[in-house]
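Asker: Below is the structure I would like to discuss, written out as structure tokens.
Residue numbers (our numbering): 6 to 624.
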């Protein structure tokens with residue numbers, strides 16, 4: 006009798022199955038001449054099927070592998086049982102190599118139990134009875150394993166035949182016993198052996214995942230850098246492959262809240278404008294009003310343009326400078342403003358009386374902020390035209406800009422035929438937003454030129470209509486002044502007019518703007534009162550003189566310039582003060598007629614001042 010522990014049940018089952026297979030594959034079975042051969046054969050087949058059904062899937066796979074069957078890793082349990090029951094591997098020699106599928110401790114116990122059983126069977130019983138006893142032991146073992154009560158130990162009673170029934174054992178029987186003794190059960194260390202392999206596999210997978218994650222991290226960083234460069238950089242990269250698709254452009258940069266455009270057709274928006282992102286505006290150091298020259302990428306033949314506007318992909322120059330020079334320039338708001346000290350001479354010819362009178366009573370200096378206060382039909386447009394012509398003739402180094410807001414189209418055409426400088430116009434048939442856009446872009450352009458050290462003169466006609474446009478276009482603030490003027494609508498025109506200044510570091514911005522009075526509109530009166538004290542030069546026109554057809558209809562006593570002593574020479578200043586005292590005693594019409602008569606007698610203002618010095622009493 007052999008005693009086995011409950012934990013050895015799987016190993017015993019495998020041992021018995023392998024023992025049965027070895028005996029079945031022997032050259033001459035021991036039960037070949039037994040009278041019970043047919044019964045044993047049928048019983049063995051039935052018991053084999055029953056024992057295979059009781060085995061687990063790993064055990065079935067191990068048994069199939071020991072028979073040399075191939076392609077069993079994907080088969081199910083029922084398929085394996087059918088394959089093994091049909092004896093598909095009977096003709097295949099049993100593998101000699103041991104399979105390590107059971108724990109090491111179980112292997113040692115199985116070997117110890119195996120040797121006494123073999124010795125007793127060799128001494129006391131014929132070897133032919135061993136196959137007949139194997140099914141009975143298998144049935145007893147299966148009944149015990151399926152019982153409801155699980156004892157601590159299972160005792161297998163193996164009845165041995167009597168000694169007198171022993172017959173001479175044939176020679177092959179010893180080989181069979183030796184083969185049985187050489188059976189090696191699966192080793193339990195296989196699980197431990199597979200664990201390092203699994204760990205190495207997991208480490209390898211983790212390493213590969215880490216490498217992939219590092220690669221993805223690098224790609225994400227590169228993608229973020231590419232996105233930060235903006236759409237223009239992508240256009241530039243695509244344009245490197247075909248420089249023939251780049252087209253040169255030039256225009257004035259207009260920066261708005263969320264985007265910027267290069268206005269290629271003037272100061273108003275047009276269909277050929279070029280889009281610029283705010284990121285590139287900061288990267289290239291661009292400012293509103295810059296004259297930008299660069300290139301855009303044109304769509305290839307058959308390519309569909311996704312954006313409405315072409316994007317700027319390259320900047321060649323900014324105001325005639327390189328990008329590095331443009332980034333190092335001064336800012337207009339940080340420049341130091343001072344009073345005008347250099348006069349802009351208006352006198353051109355002896356017969357041009359309007360500029361000669363302006364030089365005498367309201368001289369204009371570089372950096373002047375002047376108002377032409379005029380009622381309707383007093384000749385303010387003619388005064389502005391003659392001032393523009395005089396500045397072009399006498400001061401060619403000055404950059405002249407004439408801004409016409411809410412004016413008649415024929416006046417725009419007339420101004421362009423007279424003035425050779427820039428004429429920036431938005432006629433009255435355009436919306437108020439166009440008026441404000443033109444004015445803002447024009448003054449920004451003037452500021453950029455002043456930053457470069459140039460002298461700029463801006464003639465605006467008119468400041469009152471520009472304020473009306475801002476009152477219509479600006480969002481309501483909730484505070485309404487008298488006349489229906491929004492409180493926030495007057496800030497932008499004040500900012501425009503206040504940009505005029507003489508710069509101590511070099512350069513100047515002169516603004517001469519017209520303001521309407523006596524129109525019968527309360528709004529115009531409020532606008533004029535807001536700008537009345539902001540200028541440092543005022544030229545007032547008179548409707549009474551214009552109605553009497555006395556031109557230029559200038560009110561001499563009401564016109565003047567602050568700190569005119571900085572513009573006149575000391576001798577000229579003394580003579581003008583003597584003339585002012587004489588004009589103060591006369592009325593408006595008499596004073597203008599006196600001055601015009603003396604101007605007709607002289608060929609220049611210098612002769613006029615000498616004549617006044619001789620004819621007027623000294624102090």
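Glycine residues also receive a C-beta, built at the ideal position from the N, C-alpha and C atoms. Predicted, not measured: the structure shown is a model, and the values here were computed from it.
Does residue 507 come out as helix, strand or coil in the three-state DSSP assignment?
Answerer: Here residue 507 sits in strand by DSSP.
Asker: Residues in the same chain with beta-carbon distance under 6 Å from residue 448, minus the five sequence neighbours each way, listed in chain order, please.
Answerer: Within the same chain, residue 448 has close Cβ partners 501 and 504.
Asker: Output the boundary residues of the alpha helix (DSSP H) element that contains residue 302.
Answerer: Note, residue 302: premise wrong, no alpha helix (DSSP H); beta strand (DSSP E) at 296 to 302.
Asker: Along the beta strand (DSSP E) that carries residue 377, what are the first and last residues, could you check?
Answerer: Here the beta strand (DSSP E) through residue 377 covers 374 to 379.
Asker: If you compare alpha carbons, which of 329, 265, 318 and 534 is closest to residue 290?
Answerer: Here the closest residue by C-alpha is 329.
Asker: Any idea if residue 578 is buried or exposed, counting beta-carbon neighbours within 10 angstroms, 16 or more meaning buried?
Answerer: Per the 10 Å Cβ criterion, exposed.
Asker: From the DSSP output, in three-state form, read off residue 278 for me.
Answerer: Coil.
Asker: From the DSSP secondary-structure annotation, give me the bridge partner or partners of residue 487.
Answerer: None; residue 487 has no bridge partner.
Asker: Nearest to residue 353 by alpha carbon, out of 343, 364, 344 and 347?
Answerer: Answer by Cα proximity: 364.
Asker: Taking DSSP as the reference, what is the three-state secondary structure of residue 354?
Answerer: Residue state, collapsed to three classes: coil.
Asker: Determine the direct distance from the alpha carbon of residue 80 to that of residue 209, and round the result to whole angstroms.
Answerer: Cα to Cα, the separation comes out at about 29 Å.
Asker: Looking at residue 453 and residue 295, is the spacing between their C-beta atoms short of 7 Å?
Answerer: It is a contact, given that the beta carbons lie within the stated cut-off.
Asker: Compare the Cα-Cα distances from residue 61 to each of 25, 18, 543 and 71 and report the closest residue.
Answerer: For residue 61, the nearest C-alpha among the options comes from 18.
Asker: Flag this pair as yes or no: are the beta carbons of residue 597 and residue 561 separated by less than 7 Å?
Answerer: Closer than 7 Å, so yes.
Asker: Can you say whether residue 327 is buried or exposed, counting buried as having 16 or more other CB atoms within 10 angstroms of its CB?
Answerer: Residue 327 comes out exposed.
Asker: Rounded to whole angstroms, how far is the Cβ of residue 362 from the Cβ of residue 557, which I believe are closer than 8 Å?
Answerer: Contact holds; Cβ gap of about 6 Å.
Asker: Hey, residue 427 and residue 405 are a contact pair by Cβ (cut 8 Å); roughly how many whole angstroms apart?
Answerer: Going by Cβ atoms, the distance from residue 427 to residue 405 rounds to 7 Å, so yes, they are a contact pair.
Asker: Relative to the C-alpha of residue 489, which candidate in 408, 498, 497 and 476 has its C-alpha closest?
Answerer: Of the candidates 408, 498, 497 and 476, the one whose C-alpha sits nearest the C-alpha of residue 489 is 476.
Asker: In terms of residues, what are the limits of the alpha helix (DSSP H) holding residue 476?
Answerer: Where residue 476 is concerned, the enclosing alpha helix (DSSP H) stretches over 468 to 478.
Asker: Looking only at its own chain, which residues have a Cβ that is under 7 Å from the Cβ of residue 440, when we skip the five neighbours before and after it?
Answerer: Around residue 440: 410, 411, 431, 471 and 474.
Asker: Are there three or more Cβ pairs, one per stretch, closer than 8 Å when the region 382 to 390 is compared with the region 529 to 546?
Answerer: Result yes; three or more Cβ-Cβ pairs closer than 8 Å.
Asker: If you draw a straight line from the C-alpha of residue 84 to the C-alpha of residue 25, how long is it?
Answerer: Residue 84 and residue 25: Cα-Cα distance of roughly 21 Å.
Asker: Return the chain-ordered list of same chain residues with a C-beta closer than 7 Å to the C-beta of residue 340, the five sequence neighbours on each side being excluded.
Answerer: Correct list, in chain order: 508 and 510.
Asker: Is the Cβ-Cβ distance between residue 464 and residue 551 less than 7 Å?
Answerer: Not a contact, by the Cβ cut-off of 7 Å.
Asker: Thinking just about the alpha-carbon of each residue, which of 14, 586, 580 and 566 is nearest to the one in residue 612?
Answerer: The candidate whose alpha carbon is nearest that of residue 612 is 580.
Asker: When the distance is taken between beta carbons, is residue 516 closer than 7 Å to residue 374?
Answerer: In contact: residue 374 and residue 516 (Cβ atoms closer than 7 Å).
Asker: Quick check: what's the CA-CA separation for residue 284 versus residue 317?
Answerer: Computed Cα separation, rounded: 12 Å.
Asker: Need the endpoints of the alpha helix (DSSP H) that residue 404 sits in, please.
Answerer: Taken as a continuous stretch (DSSP letters only), residue 404 belongs to no alpha helix (DSSP H), being part of the beta strand (DSSP E) at 404 to 412.
Asker: Let's test the definition: count the other Cβ atoms within 10 Å of the Cβ of residue 372 and tell me whether it reaches 16, buried, or not, exposed.
Answerer: Per the 10 Å Cβ criterion, buried.
Asker: Just tell me which of 590, 460, 494 and 616 has its CA closest to the CA of residue 401.
Answerer: The residue with the shortest Cα to Cα distance from residue 401 is 460.
Asker: Are the Cβ atoms of residue 566 and residue 520 separated by less than 7 Å?
Answerer: The answer is no: Cβ separation not under 7 Å.
Asker: In three-state terms, what does DSSP make of residue 445?
Answerer: Correct three-state label for residue 445: helix.
Asker: Report the option in 446, 524 and 569 whose CA atom is closest to the CA atom of residue 261.
Answerer: Checked all of 446, 524 and 569; the closest Cα to residue 261 is 446.
Asker: Among 617, 541, 590 and 288, whose alpha-carbon lies nearest the alpha-carbon of residue 367?
Answerer: For residue 367, the nearest C-alpha among the options comes from 541.
Asker: Starting from residue 387, trace the alpha helix (DSSP H) in both directions and tell me its first and last residue.
Answerer: 385 to 399 is the span of the alpha helix (DSSP H), which, as asked, contains residue 387.
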